[in-house]
Amino acid sequence: MNRYASLAAGFLLLVTGYAAHADDAQPFVTNKDIDLTMILPPPPANDSAETKAELGEVLTLQVTRTPEMEKRAIADAEENVWRFADVMGPKFNKETLPKFSAFFDRVVATEGAVVDPAKDIWKRPRPHQLSDLVKPVVKLSNSGSWPSGHATVGTMMGIILADMVPEKRAEIMARAAEFAHNRVVGGIHYPSDIEMGKISGSVIAAVLLNRPDFTAEYEVARSELRSDLGM
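Numbering (mature numbering (1 follows the signal peptide of the UniProt record, and there is no 0)), first residue to last: -22 to -1, 1 to 209.
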């Protein structure tokens, strides 16, 4: 990841400052700074052996997933850092962490600003668009499937949160992996979409952690979080 992190020095600085609401959050970088089409390979063709095999994996999981797995997948359709509350503990909540919350709103906004343009270029159909047999249990989406935005943002949040609280690194990263995999459980993504999302999230996080504007807000958010958690 160092080769990607080294690119940070040449990236354009964006406007900093805390956003009052998630919808107003400004991304730290966009696809003009990190072009995923230059990093990731293109998705496999719709009629390829790989896509057919992956579709089989989605359908197998569809008949083997439990009600609890479905419940978790539906809950994880929400893209925010508070989905890590089950590993962070009861003190981890939006009401007591306003600066931390605003900071992660910007992290989430960054995912969309980098990933969505790449999705629009590749336009990989989602499983339910290729087969009527696929019945997602999460909200349907017709945006491009490659890479998974949820896997990207889950990985980003996990890496950044684990950097803030290294004492819980193993639990946080395991939760990030579950968050990403739940898009396959939910029937809305292929496994390879998730892998590409993990790569994308790792690249974006590595770049962000080397940006002065990001690290300035990161330190404020980290301090607030660790104080609130009594660390």
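Yeah, the Cβ is synthetic: ideal placement off N, Cα and C, and Gly gets one too.
Small disclaimer: the values here were computed from a predicted structure and weren't measured.
{"Item": "Contact under 9 Å by Cβ, Ile138 with Val93", "Value": "no"}
{"Item": "Contact the stretch 117 to 133 vs the stretch 54 to 63: 3+ CB pairs below 8 Å", "Value": "yes"}
{"Item": "Rounded distance between the beta-carbons of Lys146 and residue 211, thought under 8 Å", "Value": "This structure cannot settle anything about residue 211, because the visible part of the chain is limited to -22 through 209."}
{"Item": "N-terminal and C-terminal residue of the alpha helix (DSSP H) that Thr88 is part of", "Value": "Pro76 to Trp100"}
{"Item": "Proximal residues to Thr193 (C-beta, below 6 Å), its chain only, five neighbours per side dropped", "Value": "none"}
{"Item": "Beta-carbon contacts of Ala199 that lie in its chain and below 7 Å, excluding the five residues immediately before and after", "Value": "Lys77, Phe78 and Phe81"}
{"Item": "Three or more C-beta pairs below 8 Å linking the stretch 142 to 162 and the stretch 180 to 189", "Value": "no"}
{"Item": "Test item: CB-CB of Thr171 and Ser126 under 9 Å", "Value": "The sequence shown places Asp at residue 171, rather than the Thr named in the question. Result yes, Cβ atoms of Asp171 and Ser126 sit closer than 9 Å."}
{"Item": "Proximity winner among Ile177, Ala87 and Ala23, relative to Pro103 (alpha-carbon distances)", "Value": "Ala23"}
{"Item": "Residue environment, Ile12, which counts as buried when at least 16 other CB atoms sit within 10 Å", "Value": "buried"}
{"Item": "Selection from Lys101, Asn71, Thr15 and Leu108 that minimises the alpha carbon distance to Ala31", "Value": "Leu108"}
{"Item": "Environment of Lys176 [buried if 16+ CB atoms lie within 10 Å]", "Value": "buried"}
{"Item": "Nearest neighbour of Lys10, chosen from Glu89, Val41, Arg50 and Lys72 [CA to CA]", "Value": "Glu89"}
{"Item": "Rounded straight-line distance, which links the Cα of Asp25 to that of Met66", "Value": "42 Å"}
{"Item": "Through-space distance from Val36 to Ile150, alpha-carbon basis", "Value": "25 Å"}
{"Item": "For Tyr196, three-class secondary structure by DSSP", "Value": "helix"}
{"Item": "Segment limits, alpha helix (DSSP H) that includes Pro169", "Value": "Pro169 to Leu186"}
{"Item": "Beta carbon of Pro169 nearer than 9 Å to that of Trp100", "Value": "no"}
{"Item": "For Met16 and Val162, the rounded distance between their alpha carbons", "Value": "25 Å"}
{"Item": "Length of the line joining the Cα atoms of Phe62 and Arg153", "Value": "7 Å"}
{"Item": "Asp64 versus Gln40, Glu73 and Arg50, residue with shortest Cα-Cα distance", "Value": "Arg50"}
{"Item": "Endpoints, alpha helix (DSSP H) assigned at Pro45", "Value": "Pro45 to Ala53"}
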